[in-house]
Amino acid sequence: APLLAPYAPDAIDLSASLAGTSGQHLLGTDASGQDLLSRVLYGARTSLLAPLLLLALAALLGVALGVLAAWRGGWTDTLVSRATDVMYAFPGLLFTVLIIAVFGAGMTTSVLALGLAYTPTIARYTRSLALAETRKPYVDAYRVLGMGGARICVAHLVPNL
88 APLLAPYAPD AIDLSASLAG TSGQHLLGTD ASGQDLLSRV LYGARTSLLA PLLLLALAAL
148 LGVALGVLAA WRGGWTDTLV SRATDVMYAF PGLLFTVLII AVFGAGMTTS VLALGLAYTP
208 TIARYTRSLA LAETRKPYVD AYRVLGMGGA RICVAHLVPN L
């Protein structure tokens, strides 16, 4: 927000109170002359940071689990698939409330709980895409070239999902 906001959020300029939209104040000012755009940008930091963090966490864990299950197959695939089934059987909101009740309220706990609640959906979707992708000829070509499984997954499989 400090990079985007044209003014400090608490800067008061009484000469510009209740000014409308202009080149200096894109959203206008309030009764104290505070720039509304700056106040919105500073106020949105927390509101936007939490969803971005939880989606990043869910995507990171979900993609990792889904690709791992598709790549390894066998008992790993079965374990990840059953874990996602168990998570689907348990309501996500109830899981989130349970985690927050056990570990205490706060943004970090909420982000972790919601991130874990959304992980099975992304893992299952990623697994299905990765299963289809691992059967393509380019994956076999990388194996023939001697690339390891982790390198193939990270450098070539995940970008093609």
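So for the sequence shown, our numbering puts the first residue at 88; every next one is plus one. Cβ atoms here follow ideal geometry from the backbone N, Cα and C, with glycine treated the same way.
CB-CB length for ALA210 against THR171, believed under 8 Å: 5 Å
Using the Cα positions of SER102 and TYR94, report the straight-line distance between them to the nearest angstrom. 15 Å
From GLN111, MET194, LEU218, residue whose alpha carbon lies closest to that of THR133: MET194
Helix, strand or coil at ASP97 according to DSSP, with G and I counted as helix: coil
ASP117 lies in the alpha helix (DSSP H); which residues open and close that run? Element bounds for ASP117: n/a, residue is neither H nor E.
Taking C-alpha atoms, which residue in SER168, ALA156, LEU199, ASP117 lies nearest to ALA98? ASP117
Status (buried if at least 16 other CB within 10 Å, exposed otherwise) for LEU141: buried
Is it buried or exposed, SER109, if we count other Cβ atoms within 10 angstroms and call 16 or more buried? exposed
Coarse secondary structure for PRO89, derived from DSSP in three states: coil
Quick check on SER104: does DSSP put it in helix, strand or coil? coil
Can you find a heavy atom of the ligand NAD that lies under 7 Å from the Cβ of PHE182? Looking for the ligand NAD in the displayed structure turns up nothing, as the structure carries no ligands at all.
With distance defined between alpha-carbon atoms, name the residue in PRO96, LEU144, TYR175 nearest to ARG126. PRO96
Run the CB neighbour count on ASP122, radius 10 Å, all protein chains shown included, and call it buried at 16 or more, exposed below. buried
When you compare each of HIS243, PRO207, VAL189, LEU180 to VAL173 by their alpha carbons, which one comes out closest? PRO207
Hey, ALA217 and GLY153: beta-carbon distance below 8 Å or not? yes
Please list the terminal residues of the continuous alpha helix (DSSP H) segment that includes GLY160. No alpha helix (DSSP H) contains GLY160, which DSSP labels as neither H nor E.
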